[in-house]
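Worksheet: one structure, shown below.
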Amino acid sequence: MARLDVRIKNLALKNPVMTASGTFGYGLEFADLMPLDGIGGIIVKGTTLKPREGNDYPRMAETASGMLNCVGLQNKGVDYFCEHIYPQIKDIDTNMIVNVSGSSPDDYAECAARIDALEKIPAIELNISCPNVKDGGMAFGVTCAGASSVVRAVRERYHKTLIVKLSPNVTNITEIARAVEAEGADSVSLINTLMGMAIDIEKRKTLLSINTGGLSGPAVKPVALRMVWQVAKAVKIPVVGLGGICTAKDAIEFMMAGATAIEIGTANFLDPTVSIKVRDGINDWLDSHGCQSVQEIIGVID
Amino acid sequence: MKKFLLDLTVRSVDRIHERYVLIKLTDEQPLPEMLPGQFVEIRVDGSPTTFLRRPISINYVDKQANELWLLVAAVGDGTRKLAELKAGDRLNCLLPLGKGFTMPQKPEERILLVGGGVGVAPLLYMGAQMAEMGCLPTFLLGARTGKDLLMLDEFRKYGRVCITTEDGSEGEKGFVTNHSLLQKEQFDRIATCGPTPMMKAVARYARKSETECEASLENLMACGLGACLCCVEKTTDGNLCVCKDGPVFNIRKLLWQD
Numbered sequence: 129m130a131r132l133d134v135r136i137k138n139l140a141l142k143n144p145v146m147t148a149s150g151t152f153g154y155g156l157e158f159a160d161l162m163p164l165d166g167i168g169g170i171i172v173k174g175t176t177l178k179p180r181e182g183n184d185y186p187r188m189a190e191t192a193s194g195m196l197n198c199v200g201l202q203n204k205g206v207d208y209f210c211e212h213i214y215p216q217i218k219d220i221d222t223n224m225i226v227n228v229s230g231s232s233p234d235d236y237a238e239c240a241a242r243i244d245a246l247e248k249i250p251a252i253e254l255n256i257s258c259p260n261v262k263d264g265g266m267a268f269g270v271t272c273a274g275a276s277s278v279v280r281a282v283r284e285r286y287h288k289t290l291i292v293k294l295s296p297n298v299t300n301i302t303e304i305a306r307a308v309e310a311e312g313a314d315s316v317s318l319i320n321t322l323m324g325m326a327i328d329i330e331k332r333k334t335l336l337s338i339n340t341g342g343l344s345g346p347a348v349k350p351v352a353l354r355m356v357w358q359v360a361k362a363v364k365i366p367v368v369g370l371g372g373i374c375t376a377k378d379a380i381e382f383m384m385a386g387a388t389a390i391e392i393g394t395a396n397f398l399d400p401t402v403s404i405k406v407r408d409g410i411n412d413w414l415d416s417h418g419c420q421s422v423q424e425i426i427g428v429i430d
Numbered sequence: 094m095k096k097f098l099l100d101l102t103v104r105s106v107d108r109i110h111e112r113y114v115l116i117k118l119t120d121e122q123p124l125p126e127m128l129p130g131q132f133v134e135i136r137v138d139g140s141p142t143t144f145l146r147r148p149i150s151i152n153y154v155d156k157q158a159n160e161l162w163l164l165v166a167a168v169g170d171g172t173r174k175l176a177e178l179k180a181g182d183r184l185n186c187l188l189p190l191g192k193g194f195t196m197p198q199k200p201e202e203r204i205l206l207v208g209g210g211v212g213v214a215p216l217l218y219m220g221a222q223m224a225e226m227g228c229l230p231t232f233l234l235g236a237r238t239g240k241d242l243l244m245l246d247e248f249r250k251y252g253r254v255c256i257t258t259e260d261g262s263e264g265e266k267g268f269v270t271n272h273s274l275l276q277k278e279q280f281d282r283i284a285t286c287g288p289t290p291m292m293k294a295v296a297r298y299a300r301k302s303e304t305e306c307e308a309s310l311e312n313l314m315a316c317g318l319g320a321c322l323c324c325v326e327k328t329t330d331g332n333l334c335v336c337k338d339g340p341v342f343n344i345r346k347l348l349w350q351d
């Protein structure tokens with residue numbers, strides 16, 4: 129058994145495998161199928177200060193080796209989360225991390241502050257990269273000034289581990305990463321979905337209600353891996369890698385590219401137990417290659 | 094209800110129509126408890142263009158034979174691949190998912206089960222479960238032509254079967270909602286599954302006749318577990334997941350008042 133534990137600033141993970149926001153609900157949905165405490169963290173559904181209904185149906189389209197979604201941050205708001213969901217998830221023995229989104233720096237900060245008060249939530253992932261909402265979301269994540277403004281506002285009011293989730297829909301993702309690092313982010317996670325589109329040629333209509341959506345799944349993996357590699361070299365804070373990870377091999381690639389931890393997203397839909405398999409696969413690979421610890425592979429690609 | 098991820102074994106695949114196959118699955122262990130109206134998310138192997146699992150409703154559960162029956166319309170790459178399965182193949186199934194139909198409480202309840210196309214599938218299991226409790230269901234099944242009616246012999250085992258076809262080749266001519274039965278009899282509850290225009294027409298009839306009615310929806314889905322929020326339907330309680338809060342909804346919850 130190789131050592132699998134990693135740290136993201138003050139956040140200790142028993143292993144580097146987490147589940148990505150929006151693909152694993154609040155964890156509870158998967159409790160029958162796998163041991164939730166077997167992975168390093170669960171990043172729960174994007175949460176906003178006020179409830180959001182999300183976009184109209186259809187919100188999903190299957191594409192080659194992936195899918196598009198335009199869910200649009202449907203959630204019942206942070207107060208509902210604190211009152212009704214937090215009590216159900218607080219005793220799950222892993223890092224329960226909340227993905228926080230908003231439409232202005234102030235409401236990001238207010239939402240984060242309310243979650244700061246929850247004892248058993250050790251970290252948040254700040255979503256400045258949702259491509260499916262008109263106000264906020266990716267609008268902040270595609271410029272250094274926008275990203276900085278949100279992280280600055282949140283950092284003032286959020287005192288635990290702050291991970292900032294970056295958008296790949298930018299010219300140079302390393303500049304955004306450096307900007308949020310400068311504002312006090314403890315880590316960056318990347319990538320969120322790539323903005324895409326699909327058309328039904330018989331109906332001559334787009335397949336998604338708002339025409340465009342975020343592409344995820346194996347189709348985006350090479351792009352995500354490249355960006356993780358670039359960002360890991362550009363910042364000093366730990367990088368969390370995600371984008372199309374389906375297997376332990378995929379996860380190891382991201383860690384070799386510089387990710388301290390990884391998130392599994394769309395693959396949860398294909399196999400709800402995949403995160404445990406990836407954890408075990410990383411361990412087996414390390415063992416079979418004579419590695420004592422997962423640390424030995426992080427960032428080995430120059 | 095506890096959910097399971099199981100590699101079930103294909104016992105048989107019968108092409109019962111040019112577009113439909115009946116797949117019977119079994120397992121070494123007793124199959125989990127499943128309710129009428131629930132569904133299974135199936136991983137389709139060997140179809141490069143099929144990325145996500147395919148939701149398929151539970152057609153019938155044969156407890157004695159330890160069989161789960163799935164009626165599959167081979168309409169796309171994924172379902173066509175399923176139709177090519179052979180006895181002995183394994184099929185990775187996530188089940189049972191969603192909330193099913195409300196079952197009658199008393200044998201004397203008069204329940205009408207209205208289905209069209211492949212939507213007849215879950216009504217067989219519901220009718221069979223009703224028959225087991227001594228409650229005789231009435232099936233009202235619609236199809237384009239007589240040869241498009243599916244599994245009639247099975248339906249006839251459990252209840253009265255009324256038929257409409259669009260070309261009049263079997264049963265009464267027209268749509269299910271044109272059937273004379275609806276003028277003559279009153280029911281305590283209706284359960285419907287089929288094309289949306291058909292279910293909306295059934296819902297209109299139910300509202301007019303003040304009959305309780307549940308409809309089973311089949312919005313496009315990804316996770317099947319209520320995690321991704323892709324399959325939502327607008328309801329009186331906001332956007333609800335068809336996979337977790339449905340697929341069966343009371344029509345009063347749906348915004349179908351057209």
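The listed protein sequences correspond, in order, to chains Z and P.
In terms of the working numbering, the first sequence opens at residue 129 and continues consecutively.
In terms of the working numbering, the second sequence opens at residue 94 and continues consecutively.
Even for Gly, the Cβ is constructed at its ideal location relative to N, Cα and C.
Among the residues of chain Z, those whose CB is under 8 Å from the CB of Lys-95/P are Asp-160, following chain order. Counting of Cβ neighbours within 10 angstroms places Glu-326/P among the buried residues, the total reaching 16 or more. With contact defined as three or more Cβ pairs closer than 8 Å, the stretch 282-298 of chain Z and the stretch 319-329 of chain Z are in contact.
The shortest CA-to-CA distance from Arg-253/P to any of Lys-240/P, Met-223/P, Gly-193/P and Thr-238/P is the one to Met-223/P.
In this chain, the alpha helix (DSSP H) harbouring Leu-245/P covers 245-251.
Look at Phe-144/P: its C-beta is under 8 Å from a C-beta on chain Z. With its beta carbon less than 8 Å from one in chain Z, Asn-332/P belongs to the interface. Our two residues, Asn-152/P and Leu-217/P, have alpha carbons roughly 6 Å apart in a direct line. The beta-bridge partner set that DSSP reports for Lys-192/P consists of Pro-340/P. Under a criterion of Cβ atoms nearer than 7 Å, no residue of chain Z is adjacent to Arg-183/P; the nearest Cβ is some 14 Å distant. Within chain P, the C-beta atoms nearer than 9 Å to that of Leu-398/Z come from Arg-136, Phe-144, Leu-145 and Arg-146, in chain order.
The beta strand (DSSP E) runs lying completely inside the stretch 307-374 of chain Z and spanning 3 residues or more are 315-318, 322-325, 340-344 and 367-370, given in chain order.
When CB distances to chain Z are screened at a threshold of 9 Å, the residues of the stretch 317-331 of chain P falling below it are Gly-317, Leu-318, Gly-319, Ala-320, Cys-321, Leu-322, Cys-323, Cys-324, Val-325, Glu-326, Lys-327 and Gly-331, in chain order.
Sorting Met-291/P, Gly-191/P and Pro-230/P by C-alpha distance to the C-alpha of Arg-282/P places Pro-230/P at the top. Within the same chain, Cβ atoms closer than 6 Å to the Cβ of Phe-280/P are found at Arg-203, Leu-205 and Thr-304, the five residues on either side in sequence being excluded. Per DSSP, Ser-149/Z has no beta-bridge partner at all. By a beta-carbon distance limit of 8 Å, Glu-134/P contacts Gly-317/P. Their separation comes to about 4 Å. Rounded to whole angstroms, the gap between the alpha carbons of Phe-194/P and Gly-372/Z is 37 Å. Note that the stretch 174-185 of chain Z touches the stretch 199-211 of chain Z; at least 3 beta-carbon pairs, one per stretch, sit closer than 8 Å. Rounded to whole angstroms, the gap between the alpha carbons of Leu-336/Z and Val-269/P is 32 Å. Counted as a single uninterrupted DSSP element, the stretch harbouring Pro-215/P is not any beta strand (DSSP E) but the alpha helix (DSSP H) occupying residues 214-225. Residue-level contact by beta carbon fails for Ala-167/P and chain Z, as no gap is shorter than 8 Å. Within chain Z, the residues whose beta carbon sits less than 8 Å from that of Leu-98/P are Leu-161, Asp-399, Pro-400 and Thr-401, listed in sequence order. Residue range 223-228 is occupied by the beta strand (DSSP E) that includes Met-224/Z, with no alpha helix (DSSP H) assigned at that position.
Residues of chain Z whose Cβ lies closer than 7 Å to the Cβ of Leu-313/P are, in chain order, Pro-186 and Met-188. In this model, Leu-141/Z and Asp-399/Z are separated by some 23 Å (Cα to Cα).
When secondary structure is reduced to three states using DSSP, Ile-213/Z falls in the helix class.
In terms of Cα proximity to Ala-214/P, the closest of Gly-130/P, Leu-190/P, Cys-336/P and Thr-143/P is Gly-130/P.
For Ile-217/Z, the closest alpha carbon among the candidates Glu-391/Z, Ile-170/Z and Ile-392/Z is that of Ile-170/Z. With respect to chain Z, the C-beta atom of Leu-175/P has no partner C-beta closer than 8 Å. DSSP places Val-402/Z in the uninterrupted alpha helix (DSSP H) bounded by 402-416. Close to chain Z, meaning a Cβ-Cβ distance shorter than 9 Å, are the following residues of the stretch 183-213 of chain P: Asn-185 and Leu-187. When Cβ-Cβ separations below 8 Å define contact, Ala-192/Z makes contact with chain P.
From the beta-carbon of Gly-150/Z, the residues of chain P found nearer than 9 Å are Ala-320, Cys-321 and Leu-322.
Collapsing the DSSP output to three states places Val-335/P in coil. Residue contact check for Met-195/Z against chain P: a CB pair falls below 8 Å.
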